[in-house]
Amino acid sequence: MSDDTPIRFDTKIAVLLRADLEPWQRLNVTAFLVSGLGTTVPEVVGKPYEDGDGVAYLPMFRQPVMVFEGTKETLTAAHARALSRALPCSVFTSDLFTTGNDRDNRAAVRAVGTAELDLVGLAVYGARNGVDKVVKGARMHP
54 MSDDTPIRFD TKIAVLLRAD LEPWQRLNVT AFLVSGLGTT VPEVVGKPYE
104 DGDGVAYLPM FRQPVMVFEG TKETLTAAHA RALSRALPCS VFTSDLFTTG
154 NDRDNRAAVR AVGTAELDLV GLAVYGARNG VDKVVKGARM HP
């Protein structure tokens with residue numbers, strides 16, 4: 054017997070992208086931003102999948118990832134709100150489009166002060182109401 058009761062999460066995963074990104078950049082930035090959540094916040098990951106023939110697949114997030122877009126100013130404000138609430142977050146700066154590996158990515162972020170980061174993307178996880186406050190002013194990605 055299966056339980057068909059709708060699941061409502063008290064947490065939220067949100068990605069905020071700068072609206073002026075190219076389509077390929079939006080996809081790339083989103084993938085990079087959410088990649089750290091599963092390793093640092095393990096409760097966001099569900100159980101492994103298996104198809105009807107018994108073939109196993111990797112687990113995925115247990116809840117939807119909400120994707121938003123906004124201006125550079127919206128990202129800067131959201132970043133400040135995420136930090137002030139001490140919510141787990143990841144950042145993607147414009148400099149990362151010119152690097153080709155994790156070492157150089159980390160060095161590029163480390164080279165710039167918090168207030169000067171040229172953010173093109175931000176991912177945040179936490180209590181639903183806290184994340185909603187962080188992405189305030191952004192709109193759902195079309």
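Going by our numbering, 72 is the number at position 19 of the sequence shown; the sequence numbering is gapless. Yeah, the Cβ is synthetic: ideal placement off N, Cα and C, and Gly gets one too.
Here's the rule I'm using: 16 or more other beta-carbon atoms within 10 Å means buried, otherwise exposed. How should residue i be labelled?
{"i": "LYS65", "result": "buried"}
{"i": "GLY107", "result": "exposed"}
{"i": "ARG79", "result": "buried"}
{"i": "GLY123", "result": "buried"}
{"i": "MET54", "result": "In this prediction, MET54 scores a pLDDT of 49, lower than 50, which makes its location untrustworthy; the coordinate-derived value is nonetheless stated afterwards. Exposed, because fewer than 16 other Cβ atoms sit within 10 Å of the Cβ of MET54."}
{"i": "THR83", "result": "buried"}
{"i": "ALA131", "result": "buried"}
Using C-beta distances below 7 Å, list every residue in its chain close to residue i, excluding the 5 sequence neighbours before and after it, in chain order.
{"i": "LYS93", "result": "One detail in the question is off: residue 93 reads as Thr in this sequence, not Lys. Excluding sequence neighbours, THR93 sits near PRO141."}
{"i": "ASN81", "result": "none"}
{"i": "MET193", "result": "PHE121"}
In the DSSP output, what is residue i paired with across the bridge?
{"i": "LEU69", "result": "PHE121 and LEU175"}
{"i": "GLU103", "result": "ALA109"}
{"i": "ARG192", "result": "GLU122"}
{"i": "THR64", "result": "ALA180"}
{"i": "PHE145", "result": "GLY174"}
{"i": "VAL98", "result": "PHE114"}
Short of 8 Å in beta carbon distance, which residues of its chain neighbour residue i, apart from the five on each side in sequence? Order them along the chain.
{"i": "ARG181", "result": "PHE62, ASP63, THR64 and LYS65"}
{"i": "PRO101", "result": "ALA109, TYR110, LEU111 and PRO112"}
{"i": "VAL87", "result": "ILE66, VAL68, PHE114, VAL118, SER143 and ALA176"}
{"i": "GLY99", "result": "PRO112, MET113, PHE114 and ARG115"}
Take residue i and list the residues in its own chain whose beta-carbon comes closer than 6 Å to its own, dropping the five residues that flank it on each side.
{"i": "VAL177", "result": "ALA67, ALA135, LEU140, CYS142, VAL184 and VAL187"}
{"i": "GLU75", "result": "none"}
{"i": "ASP148", "result": "ALA161"}
Do residue i and residue j have their CB atoms nearer than 9 Å?
{"i": "GLY174", "j": "PHE85", "result": "yes"}
{"i": "ALA191", "j": "THR127", "result": "yes"}
{"i": "ARG71", "j": "LEU170", "result": "no"}
{"i": "LYS125", "j": "ASP73", "result": "yes"}
How close, in whole Å, do the beta carbons of residue i and residue j come, if the pair is a contact with beta carbons under 8 Å?
{"i": "ASN158", "j": "THR152", "result": "5 Å"}
{"i": "VAL97", "j": "PHE114", "result": "5 Å"}
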